[in-house]
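S.K.: Heads up: the sequence lines are chains A and B, in that order.
Going by this note's numbering, the first residue of the first sequence is number 75, and it counts up by one from there.
Going by this note's numbering, the first residue of the second sequence is number 449, and it counts up by one from there.
Glycine included, every Cβ here is placed at the ideal spot set by N, Cα and C.
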Amino acid sequence: MAADWQSEHDYLHSPLSQKPWYPDVVSQSLEVLPIFCDHDGLGWLKPIHASSLRVGLGVKEQPATAVMKALGVYGLTPSVVHSTSWRMENERMILTYVAIVPHAVQHAYLETKRIGRVALARGEATAAPTVVHIEQVIEHAVRHLAWLVSDDPVIAKELDSWREVLAGFSPEPFRAFQAASHS
Amino acid sequence: MKEVTCQCGWQTRGTEDEVVAAVQEHGRTAHGIETTREEVLAIAKDVE
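1) Looking at the secondary structure, which residues open and close the alpha helix (DSSP H) in which Ser224 (chain A) lies?
2) Give me the Cα-Cα distance between Pro108 (chain A) and Thr463 (chain B), rounded to the nearest whole angstrom.
3) Compute the Euclidean distance between the alpha carbons of Leu222 (chain A) and Leu127 (chain A), then round it to the nearest angstrom.
4) Determine which residues of the segment 452-472 of chain B have a Cβ less than 8 Å from any Cβ of chain A, and write them out in chain order.
5) Quick check on Ala124 (chain A) - is its C-beta less than 7 Å from some C-beta in chain B?
6) Using 10 angstroms around the beta-carbon of Ile189 (chain A), count the other beta-carbons present and answer buried if the total reaches 16, otherwise exposed.
7) Cα-Cα, which of A:Leu116, A:Gln92, A:His156 and A:Lys231 is closest to Glu105 (chain A)?
8) What does a CB cutoff of less than 6 Å around Glu232 (chain A) pick up in its chain, not counting 5 residues either side in sequence?
9) Among A:Asp225, A:Asp226, A:His214 and A:Val133, which has the Cα closest to the Cα of Thr170 (chain A)?
10) Who pairs with Ala173 (chain A) in a beta bridge, going by DSSP?
Encoded structure:
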C-alpha cells in the first residue's frame, strides 16, 4: 500500500517543467497573413524581405490587438482577424492569424502574392508536421475561413462576397466527416 | 542585446553598436534612407 502511494505521488518530487520564468519575455511569435479577394481571386501580402509578416507578442498583449496594430503601420485596417493555426519553427512557437483586408495595397515594403492550391502539411496523431511551408499555412488558413463562413454568423456576414471563391476550399475541420458521409 | 525588424521584413539582432550599424547599412542600401543612431535606438527593442 505504501509502495502504491509512493508511485502515485512520484510526480511531486520533480517539477513539471524546468523552463525559467521571465515576466516580460515575448511568449510567442505572431504571424499575420493579410488576405484579400479581388477579381483575380485570393491574394495575400508579405514583407518584401521576409516569408511572412512576424511581430512579437508580449505576455500582456491580446493577439488580435497586436495584429491590428501591426497592420496599421502599413495603413491596413482588417475587417476580420482570426487565429487559424500554430506551428513550431526554430524552437519558437508561431501563432498565425489571418487578417481580411479589403484589397491589395501598393506599399513599398509589401509584396502581393496570389493564393494557389497546395497539399496540407500532415503530422502524426500526437505530433505536428516536422516541416510546414508558408503556402501550406495559407492553404490551411483559407480552408479555415471556408469553414467559418458556413459556421460563424459574424464571419459569414463579413465574407458573404467570398462564398464563391471559398467554396473551392474543403472546410478542414469537417473534411473527415464529409468523406465518411459520401462513402 | 537589441533587435530591429524593418517594415520590409528584414531583421537584425546584436549588441547596440552592431544593430545600429546594421540598420544604418540596411536603410542605406535597401531603402535609400539615412538614419541616425538615435533613430535606430528609438525603434530597437531589448531582447534576451
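M.R.: Straight from the coordinates:
1) Residues Ile208 to Asp225.
2) Near 32 Å, if we compare the C-alpha coordinates of Thr463 (chain B) and Pro108 (chain A).
3) When rounded, the distance between both Cα atoms is 23 Å.
4) Answer in chain order: Thr453, Cys454, Gln455, Cys456, Gly457, Trp458 and Gln459.
5) Closer than 7 Å to some Cβ of chain B, the Cβ of Ala124 (chain A) qualifies, so yes.
6) Buried, because 16 or more other Cβ atoms sit within 10 Å of the Cβ of Ile189 (chain A).
7) It is A:His156.
8) Cβ within range, chain order: Ser153 and Val154.
9) Residue A:His214 is the option with its Cα nearest to Thr170 (chain A).
10) For Ala173 (chain A), the pairing in a beta bridge is given by DSSP as A:Pro108 and A:Val155.
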